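Just below is one structure, and these are the notes that go with it.
2 protein chains.
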Amino acid sequence: MKIRLGPKDILFPIPAALIVSGDSKKPNIITVAWIGMVSITPPIVAISIHKSRYSYKLIKKYNDFSVNIPSASQFHEVDYCGIVSGSDRNKFTDTNLTPLGSDKINAPIIKECPFNLECKVIKKFKISEHTTIFGEIVETHIDKDKIGAECGTGIDISKVDPLIYCSTIGEYWSIGKKIGDSFKAGIKIKEKIIREK
Amino acid sequence: MKIRLGPKDILFPIPAALIVSGDSKKPNIITVAWIGMVSITPPIVAISIHKSRYSYKLIKKYNDFSVNIPSASQFHEVDYCGIVSGSDRNKFTDTNLTPLGSDKINAPIIKECPFNLECKVIKKFKISEHTTIFGEIVETHIDKDKIGAECGTGIDISKVDPLIYCSTIGEYWSIGKKIGDSFKAGIKIKEKIIREK
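Here the protein sequences come in this chain order: E and X. Read in numbering that gives the first Met the number 0, the first sequence has 16 at position 17, and its numbers run on one by one without any break. Read in numbering that gives the first Met the number 0, the second sequence has 151 at position 152, and its numbers run on one by one without any break.
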């Protein structure tokens, strides 16, 4: 039996990404759960930020940002960067996170995050009080020790141990177990249909 | 030590949502991992779909869609709906998933998915071969048995057991354990800073 909850911004599981903007002299971090891929060729990611945010001003000024995927163990730092404004505080100092020079953008990446994307703004789209910012991914980085020898694409998810955010409900979760591979798991149903023909 | 992977569409953890479009007579399901919230007031979700997809044509025709969040146990069905085209097959019949009449849109919701959003298209934005479609969430539904008596906002994540997708790497994962609450976990760092002043 279903019950109605009304029009609500509920979507989970989602990432809680640390977005860095500004330059190497005065970089800032903001936590963004409203993030998603929108294109493969070229690779483009979209983030949505409220117009009142300090990071919104920085991204507007420098036209780039980095996306830094935290591990589950970093949830205190992730939450802190979402509740404090960078106009008042240096969140790198406060959290002991380290800005690392990026290759192709002004904004640094975060050393302690296992996985990082360098993004150049290609479009901004005002949707309400929030603006959706499209960033072309121009470089990606991963910690060498998060690469598993036996992994096809290189990245070992259990070593990255990504933080999972359940938005609106407001809960941080860790990742569980691998249960299957995409573009393979569905073949089981396809074969069953062929057998029953 | 970091290594570079080049410009790549890597972002995880993300949901693998089942998007239903069409009407009650001929609804279709597509699996979309490229989904994210973009606004609270009003609540708006964005999905990105390749222009070649049958679902893209249906959403264009009916101007609405439902977002259905699957449980981890449904990963075979989720994968199947991502590898087969609805122009050839009835994916509801193939997967034994049940279309359930929605309240405010043409497209049905999926009975077996614990959580569902009804969305009306308010904007389409061509970004490359993919189009980002903004849908205002006009109603939400949840299985009554996924509501936990002790949960503040009602939804018990462990009962929903949402499927987690690690895109590009192409792996389905289950959720692990709750590790903290948002807007609370960061206060620990805030208090430490005040103490050290």
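We put the beta carbon where it would ideally sit given N, CA and C, even for glycine. Since we're looking at a predicted model, the values are computed, not measured.
* Asked: Beta-carbon separation of residue 14 (chain X) and residue 34 (chain X) under 8 Å?
  -> yes
* How do the stretch 129-137 of chain E and the stretch 47-61 of chain E stand: do at least 3 beta-carbon pairs fall below 8 Å, yes or no? -> The answer is yes - the stretch 47-61 of chain E touches the stretch 129-137 of chain E, with three or more Cβ pairs under 8 Å.
* Could you tell me whether the Cβ atoms of residue 47 (chain E) and residue 38 (chain X) are closer together than 8 Å? => yes
* To do: Check whether the Cβ atoms of residue 96 (chain X) and residue 128 (chain X) lie closer than 8 Å to each other.
  => no
* What residues of chain X sit near residue 98 (chain E), judged by a beta carbon separation below 7 Å? -> What residue 98 (chain E) touches in chain X: nothing, since even the nearest Cβ is about 13 Å away.
* Assigned secondary structure, residue 78 (chain E) (DSSP; H/G/I helix, E/B strand, else coil) -> helix
* Within this structure, are the beta carbons of residue 155 (chain X) and residue 146 (chain X) separated by less than 8 Å? -> Inclusion of residue 155 (chain X) and residue 146 (chain X) in the CB contact set at 8 Å is warranted, their separation being smaller than that value.
* Taking only beta-carbon positions, decide if residue 106 (chain E) is within less than 8 Å of chain X. => no
* To do: Please go through the same chain and pick out, in chain order, the residues whose beta-carbon is closer than 7 Å to the beta-carbon of residue 86 (chain E), but skip the five residues on each side of it.
  => 53
* To do: Just list the beta strand (DSSP E) runs in the stretch 157-184 of chain E, keeping only unbroken ones of 3 residues or longer that don't cross its boundaries, in chain order.
  => 163-165 and 170-180
* Taking only beta carbons into account, state which residues of the stretch 127-139 of chain X come closer than 8 Å to chain E, listed in chain order. => Along the stretch 127-139 of chain X, going in chain order, the ones with a CB nearer than 8 Å to a CB of chain E are 127, 128, 129, 131, 133, 135, 136, 137, 138 and 139.
* Anticipated Cβ contact below 8 Å, residue 161 (chain E) with residue 68 (chain E), distance rounded -> 6 Å
* **Local Cβ density within 10 Å of residue 226 (chain X), reported as buried at 16 or more and exposed below that** => No answer is possible for residue 226 (chain X): the residues shown for chain X start at 0 and end at 196.
* Asked: Given that residue 37 (chain X) touches chain E, what residues does it touch there, using C-beta distances under 7 Å?
  -> 33, 47, 126, 129 and 131
* Element boundaries [beta strand (DSSP E), containing residue 3 (chain E)] -> It spans 1-3 - the beta strand (DSSP E) in which residue 3 (chain E) sits, taken as one unbroken run.
* Sorted by chain position, which residues of the same chain lie with C-beta nearer than 7 Å to residue 167 (chain E)'s C-beta, five sequence neighbours on each side aside? -> Excluding residues within five positions, the ones whose Cβ falls inside 7 Å are 7, 8 and 9.
* Asked: Looking only at its own chain, which residues have a Cβ that is under 8 Å from the Cβ of residue 151 (chain E), when we skip the five neighbours before and after it?
  -> Any reading at residue 151 (chain E) needs caution, since the residue's pLDDT is 49, under 50, leaving its predicted position unreliable; the model's value is listed next. No residues qualify anywhere along the chain.
* Along the alpha helix (DSSP H) that carries residue 94 (chain E), what are the first and last residues, could you check? => Element bounds for residue 94 (chain E): 90-94.
* Asked: With distances taken from CA atoms, which of X:180, X:195, X:144 and X:177 is nearest residue 2 (chain E)?
  -> X:144
* To do: Tell me, please, whether the CB atom of residue 170 (chain E) is closer than 8 Å to any CB atom in chain X?
  => yes
* Asked: Any C-beta of chain C sitting closer than 8 Å to the C-beta of residue 59 (chain E)?
  -> The structure shown contains no chain C; the protein chains it does contain are E and X.
* Within 10 angstroms of its Cβ, does residue 27 (chain X) collect 16 or more other Cβ (buried), or is it exposed? -> buried
* Asked: In three-state terms, what does DSSP make of residue 122 (chain E)?
  -> strand
* What do you reckon, are the CB atoms on residue 63 (chain X) and residue 104 (chain X) nearer than 8 Å? -> yes
* Asked: Quick one: is residue 76 (chain X) near chain E, going by C-beta distance under 8 Å?
  -> yes
* **Under 8 Å by beta carbon: chain X residues contacting residue 41 (chain E)** => 6 and 127
* Mind listing the chain X neighbours of residue 83 (chain E)? Cutoff is C-beta to C-beta under 8 Å, in chain order. => 185 and 189
* **Whole-number beta carbon distance between residue 106 (chain X) and residue 213 (chain X), since they are thought to touch under 8 Å** => An answer regarding residue 213 (chain X) cannot be provided, because it is not within the stretch 0 to 196 covered by chain X.
* **Contact set between residue 3 (chain X) and chain E, taken where Cβ atoms lie within less than 9 Å** => 102, 138, 139, 140 and 141
* Asked: CB residue 108 (chain X) to CB residue 115 (chain X), shorter than 8 Å?
  -> Cβ atoms of residue 108 (chain X) and residue 115 (chain X): closer than 8 Å.
* Asked: For residue 16 (chain E), which residues of its own chain have a beta-carbon under 8 Å away from its beta-carbon, when the five flanking residues on both sides are left out?
  -> 30, 31, 32, 34, 46, 66, 67, 68 and 69
* **Close Cβ partners of residue 12 (chain E) (< 8 Å) along its chain, the five nearest in sequence each way excluded** => 163, 164, 165 and 172
* Whose C-beta lies closer than 6 Å to the C-beta of residue 138 (chain X) among residues of the same chain, with five residues either side of it excluded? -> The answer, listed in chain order, is 102, 103 and 117.
* **Spatial neighbours of residue 111 (chain X) in its chain, beta-carbon cut-off 6 Å, leaving aside the 5 residues before and after** => 96
* Does residue 181 (chain X) come within less than 8 Å of chain E when only Cβ atoms are used? -> In terms of beta-carbon proximity, residue 181 (chain X) lines the interface with chain E, with at least one pair separated by less than 8 Å.
* Residue-chain proximity (residue 10 (chain E), chain X), Cβ-Cβ < 8 Å -> Taking 8 Å as the CB threshold, residue 10 (chain E) lines the interface with chain X.
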